[in-house]
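These notes concern the structure reproduced below.
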Amino acid sequence: MSIKDLEKTLQKLAQIQTKAPNSEKKQQILQETKKYFVEKQNKSQGMPWWHRLTSRINQTLGEMMKKLRFHTWVKMMAVATPAVIAIVLYNHFDELTTETPRYQSPSAQQTAKEKATSTTPSKGVATGKQESKARQERREVDDSGPSAPLEEIANMQRPSIQGRSMANKRAKTNADVATAYEAEQSAGAVQSFSRSIAPRPIGLPAPTIDRDQFETFVENGTKLVSEYPISTFSVDVDTASYTFARKMINNGQLPSAHQIRVEEFINYFDYNYKAAKSKEQPFQPTVVVYPTPWNKNTKLMHIGIKGYELKAEKPAANLVFLIDTSGSMDEKDKLPLLISSFKLLLQNLDENDWVSIVTYAGSAGEALPPTQVKNQSTIMQALNNLRAGGSTAGGQGINLAYSLAEKNFDKNAVNRIILATDGDFNVGISDPSALENLIKQKRQSGIFLSVLGFGSGNYNDHIMQKLAQNGNGNAAYIDSLNEAQKVLVDEASSTLFTIAKDVKIQVEFNPKRVAEYKLIGYETRALKREDFNNDAVDAGDIGSGHTVTAIYEITEPGSAGRKYDDVRYLNNAPVVKESENNHADEYAFLKMRYKLPKQDQSKLITTPITETNYTSSTNTDIKFAAAVAGFALKLKNSQDLQNYSYDQLLQLATQGKGKDGYGYRADLIKLIRLVQSISNSSIE
Amino acid sequence: MQAVDDIDLIKQAQQGDVLALETLLEKHYAFIYRVVLKFCGVVEDAEDITQTVCLKLVDQIAKFNFSASFTTWLYRVAINASKDHLRKKKRIGLREKSMLDGFDFPQDSSDDERRKEIEDLFQLVLLLPEKIKQAVLLVYSENLTHAEAAKVLDCSEGTVSWRISKGKKQLVKLAKQHGILLLSLLLLGALLCR
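First to last, the sequence lines map onto chains A and B. Under this note's numbering, read the first sequence as residues 590 to 1273, first letter to last. Under this note's numbering, read the second sequence as residues 9 to 202, first letter to last.
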């Protein structure tokens, strides 16, 4: 009997909880363990010093996956003729890929092999092309010299791997002219490079590149299907490029070419695509092929996806606002706008959602402990009490924000930190890699990070993108209350609730139907062909109801719009033999990979793009997307649109305006007019 | 069961990836701390032991061969580290001041006496001989089955069951010795029933 009662009490031991471990002590223990691990590694492996150095640099970058690539880099820089090596590497990447191409008959595959190994006629042609390209690149490399600073290389390498150009975005930092200049150069290099040689993302540094060369590259962005049948990239739902350009244009300035990421322009707008059927397959592609508005000899292949819209099942939210209240935020388009923006967001939250506020300026402080949204007045008061002053210590603020998010952590809710800043982390971030690592780790524990950028003059897109990217979040730039309304109210669920992560797109073109293609935008998000199936490679995330659009310009084999001449010898080679598996009516084959928010294994969606996707009369959405793409390309001075006037563009955009409930499209039309008048006045 | 990403992290850490190791530790830190604290009862000791466990993980991760689950392995390392630590410290006094600081005892019942009952029993469990204590805590506090506990303790299932029944007897005895009101009453009740 006593034992039986004892048993009852013993059962209750399971209810004993231990209090959370002391986080300071925890960090200390983890640091020491880490140190011990590194020392042990170094001892046991007896690594040469340079090896350790490179791994240290990698750590700093916070991207272990890239280790291999970085080594390749270092080696390449050490060798006097990097361009040649790179070209050789490229060819191997293509040929080493294990997948069987869908559209090549066995004989064609053999031809491809011969191209690399034997002396068949096709070799001469291929090598000739490579050589000219190699020459072109060698020229650039000669300009820069092989001794470009490591950091710059690292920066340039990043976009090509993760598909995002920090260098590109760095150019927006107006505060430091020198930095901006340097960034402009490296951004130009990255762009020109990925344009010329994408989809192969390894780039060669060409920090000094003048405008002429840049434009040449724009034109060469078109790729031959016979050489590069496969195009791979990561989705991008960011919109910062459009908003930033809009702000500049409204101020009477034209943004420079590298500040424009065409895909971010296109994706700023919402399109009415086929809705996804279920949360498990959170999107399905909408594909339309139609004549290019600015080129009667080519077609546009429009691939659109719309993320599944969470409605009733919208999860609860546990949000921590991490607000920069440093001195630099004391401008009317910064802190005051931020406060009003958050007030907007509050209205969109459920009354049981949790909100807390952490500020950072000099020292981090808890401005509002976790509070349920139903206590609106408390939250409003906390927001109203925010004042700017002091210097910024971003790192400490982030720590405090995470600890608050953990306090209320609910594994079924969206646990997200929303960092609002002008991107200025000038104090307290002695080790950026530590900050990045922290964010990465927290991402794995389920706390994501989004970044909202404010103001200009101090705007540091570079760090902000880096942080959002590591935190599975998105980065948006808020230039007005209207924009806040769009990001935080109209699209709150896309901004806050991720429905698919690491979304990658791969398109294989059918050489029978498509001779040349050009991916419009996504230069900074190119992926290696083999990265498509590699789940360890990070890619963009899609939020609830987000739409993502990618547009290819394709040229058919018989078209007069081809940019490349027919090759003399290859044509006679049996590139495509009539056989049962050559899918004669297909333009291309579309593959998409994604992971559900809480999973680590990717899923695959495939669909052929056929005749049936073709239409000569497009709907308003498609027209509008084409107009946005055209506008962005024109801002980039693309030669493709030289003969396409702003008037024609305006007409297309107006046709595509549709219902435009929020007036975003009207806004673009206004912008086109503004640009038209700015560029007219600058010509005169 | 270990999640797929644990396996990946371990493999990466085995190859010398600091970030993987750090992520792994970060992920399981709370678990290690919890187990260790339950076995030693004092926050300061638990922190020391957690550190030892982390260092041991670094030493031994290369040898981890995925035959047991990572959790089982962590339990084993944590329990052994606690045992070593306590052996060094000789034994914990029942009324050590900071004894229960690191715990949250169930608050659901308004009944303070029942709460006290659990607290007291837990303290008695900590006084049990090491091996018996291990079996009792794994089964009752960590909610492992006898089979799972056997895996952690590297003994047979029967041994676990035997240790637990022995533990119960000793607990009744201990309760009597320490004159804990409620358990004594229970014991008295039991005697009266006979």
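Even for Gly, the Cβ is constructed at its ideal location relative to N, Cα and C.
Put simply, of Phe822/A, Ser823/A, Val851/A, Val826/A the residue whose alpha carbon is nearest the alpha carbon of Ala834/A is Val851/A. Asn1004/A: member of the beta strand (DSSP E) spanning 1003 to 1010, first to last residue. If one requires a minimum length of 4 residues, the alpha helix (DSSP H) runs lying completely within the segment 129 to 181 of chain B are 138 to 144, 154 to 161, in chain order. Contact with chain A is found for Gln59/B, since one of that chain's Cβ atoms lies less than 8 Å from the residue's Cβ. Taken in chain order, the whole alpha helix (DSSP H) runs of length 4 or more contained in the segment 1055 to 1141 of chain A are 1070 to 1073, 1081 to 1085. For Thr967/A, the enclosing alpha helix (DSSP H) begins and ends at 965 to 973.
Residue pairing by DSSP places Glu1175/A opposite Thr1199/A in a beta bridge.
For Ile87/B, no Cβ of chain A is located within less than 8 Å of the residue's own Cβ. By the criterion of a C-beta distance shorter than 7 Å, Tyr862/A is surrounded in its chain by Thr875, Gly893, Ile894, Lys895, Thr1136, once the five residues flanking it on both sides are discounted. Close partners of Leu33/B in chain A (Cβ separation under 7 Å): Leu619, Thr622. Under the 10 Å beta carbon count, Asn1232/A is surrounded by fewer than 16 other beta carbons and is classified as exposed. Arg1102/A is classed as buried because its beta carbon has at least 16 other beta carbons within 10 Å across all chains shown. Distance from the CA atom of Asp1155/A to the CA atom of Lys1246/A, rounded to whole angstroms, is 40 Å.
It is roughly 7 Å from the alpha-carbon of Thr60/B to the alpha-carbon of Ala89/B. For Ile1036/A, the enclosing beta strand (DSSP E) begins and ends at 1036 to 1043.
At a Cβ-Cβ threshold of 8 Å, Gln1237/A and Lys1212/A do not count as neighbours. It is roughly 13 Å from the alpha-carbon of His847/A to the alpha-carbon of Phe854/A.
The beta carbon of Pro1186/A does not come within 8 Å of any beta carbon belonging to chain B, so the residue lies off that interface. Between Met918/A and Ala829/A, the C-beta spacing is not below 8 Å.
Put simply, the backbone Cα of Gln178/B is about 51 Å away from that of Leu957/A.
Residue state for Tyr949/A is assigned as strand, using DSSP reduced to three classes. The continuous alpha helix (DSSP H) containing Gly1219/A extends over residues 1209 to 1224.
Residue range 884 to 895 is occupied by the beta strand (DSSP E) that includes Met890/A. A Cβ-Cβ distance of about 10 Å is found for the pair Thr1138/A and Ala1215/A, leaving them out of contact under the 8 Å criterion.
Straight across, the Cα-Cα distance linking Phe72/B with Tyr37/B is about 18 Å. With contact defined as three or more Cβ pairs closer than 8 Å, the segment 1170 to 1180 of chain A and the segment 913 to 930 of chain A are not in contact. In the DSSP annotation of this structure, the continuous segment of the alpha helix (DSSP H) that includes Ala829/A starts and ends at 829 to 839. Taking 8 Å as the threshold, the shortest C-beta distance from Leu989/A to chain B does not fall below it. In this chain, the beta strand (DSSP E) harbouring Leu911/A covers 906 to 913. By the rule that beta-carbons nearer than 8 Å mark a contact, Tyr1183/A does not touch chain B. Under DSSP, Lys812/A takes part in a beta bridge, and its partners are Tyr1106/A. Nearest to Leu1241/A by alpha-carbon distance, out of Leu899/A, Val1217/A, Ile819/A, is Val1217/A.
For the pair Ala1002/A and Thr1087/A, the Cα-to-Cα distance works out to about 11 Å.
The three-state reading of DSSP puts Lys629/A in helix, counting H, G and I together. Between Ile1131/A and Glu1200/A, the alpha-carbon positions lie close to 29 Å from each other. Residue state for Glu955/A is assigned as strand, using DSSP reduced to three classes.
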